[in-house]
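Residue numbers (my numbering): 83 to 366.
All C-beta atoms, glycine included, are put in the ideal place defined by N, C-alpha and C.
All values derive from a computational prediction rather than experimental measurement.
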């Protein structure tokens with residue numbers, strides 16, 4: 083995360099285009115400018131010193147253009163500046179992260195505080211390897227073994243934040259039923275709970291559980307994450323089926339923060355939460 087205005091204004095776009103989208107857009111711009119300049123793909127290829135096949139692949143969004151191709155194509159099509167601007171938006175993506183989650187993941191890396199409420203599954207930052215693997219194995223459409231290992235690697239890499247940033251407060255509030263949902267055998271369940279207990283033990287990490295008998299509460303609209311950047315800006319993030327939304331509107335983020343703060347008072351305190359997890363482990 084660079085802190086640029088493009089990435090900070092996350093509330094203006096709910097979903098970041100995936101790499102193929104950005105490459106197709108660049109290709110369409112290149113094709114339009116080439117045709118406007120009256121050049122064939124072969125002729126443009128000669129001017130940019132790349133083959134006709136390379137030009138074709140770039141225009142169809144199948145290949146990431148080299149910087150030299152961008153600069154020479156800019157000159158060959160009239161120096162409009164459109165190609166240079168489009169090239170700045172190109173991205174190869176980040177393997178193992180959903181397209182709609184990438185901007186939030188970049189903000190996570192620089193956040194000075196992070197709050198997470200989860201009612202569906204153990205938060206990614208607290209998942210054991212076995213639990214994460216089971217989650218990815220259940221993904222539809224089914225992923226390949228190679229994709230699964232990439233997803234797992236990225237998930238475990240993200241968890242390093244909890245230990246590498248000991249002065250950043252991480253707060254988690256998780257529904258009790260999340261820890262009761264069975265996966266694998268009893269040994270895997272115990273390993274998952276042990277992992278959560280270990281990773282929530284540092285002083286900068288707070289875990290609270292919303293007990294089943296707690297009744298209705300302030301965050302019934304669904305899971306939410308909140309963070310603050312070094313510049314003091316606050317963002318929210320919500321996720322559903324095949325989509326995620328980065329929230330930058332000040333009033334909306336403030337409302338979500340109020341709900342989270344209220345939920346903190348409704349959930350078990352950290353000591354009680356650890357006690358509940360230990361009891362659940364003992365029941366296995």
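Determine the extent of the alpha helix (DSSP H) in which residue 363 is found, giving its start and end residues. First-last of the alpha helix (DSSP H) with residue 363: 352 to 365.
CB-CB under 8 Å to residue 276, same chain, minus the five flanking residues each way: which ones, in chain order? 210 and 363
Paired residues, beta bridge with residue 289 - DSSP: Note: residue 289 is bridge-paired with 254 in the DSSP secondary-structure output.
Beta-carbon within less than 7 Å of residue 164's beta-carbon, same chain only, minus the 5 sequence neighbours each way: which residues are those? 111 and 115
Does the beta-carbon of residue 294 have 16 or more other beta-carbons within 10 angstroms, so that it is buried, or is it exposed? exposed
Other residues of its chain near residue 142: CB distance less than 8 Å, five sequence neighbours each side excluded: 106 and 109
C-alpha gap between residue 252 and residue 195, whole angstroms: 6 Å
Quick check on the burial criterion: 16 or more other C-beta atoms within 10 angstroms. Buried or exposed for residue 291? Buried, because 16 or more other Cβ atoms sit within 10 Å of the Cβ of residue 291.
Would you mind sorting residue 255 into buried or exposed? The rule is 16 or more other CB atoms within 10 Å of its CB. It counts as buried.
What did DSSP end up calling residue 325 once you bin it into helix, strand or coil? If DSSP states are grouped into helix, strand and coil, residue 325 belongs with the strands.
Could you check how far apart the C-beta atoms of residue 312 and residue 192 are, in whole angstroms? I think they sit under 8 Å. 6 Å
With residue 218 and residue 238 assumed to form a contact (beta carbons below 8 Å), what rounded beta-carbon distance in angstroms separates them? Going by Cβ atoms, the distance from residue 218 to residue 238 rounds to 12 Å, so no, they are not a contact pair.
Which same chain residues, not among the five before or five after residue 348, have their C-beta less than 8 Å away from its C-beta? 292, 296, 299 and 300
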